[in-house]
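The block underneath contains the structure these notes are about, expressed in structure tokens.
Numbering (the working numbering), first residue to last: 9 to 69.
Structure below.
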């Protein structure tokens, strides 16, 4: 059986600033920015959603 490479990702990988902004809006109670950002991410939807959720966690300093 020949080795097959997975197809390249298609879609947009948001910047850290965009992810941080969506996370801040999500912490404020609005999910629209996070939804729009993941919708435009194409094949990277799951990665983008996890990045946003990771930014939403507030760590005590």
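We treat Cβ as the ideally placed atom computed from N, Cα and C, and that holds for glycine. Only a predicted model underlies this, so the values are computations on that prediction, with no experimental measurement involved.
Each residue's CA atom was taken as its position, placing residue 60 and residue 11 some 34 Å apart. Rounded to the nearest whole angstrom, the CA to CA distance from residue 44 to residue 69 is 31 Å. For residue 23 and residue 54, the gap between their C-alpha atoms comes out near 15 Å. Nearest in C-alpha terms to residue 58, of all of 66, 67, 48 and 42, is 42. In the same chain as residue 30, and ignoring 5 residues on each side of it, the C-beta atoms closer than 6 Å to its own belong to 41, 42, 45 and 60, in chain order.
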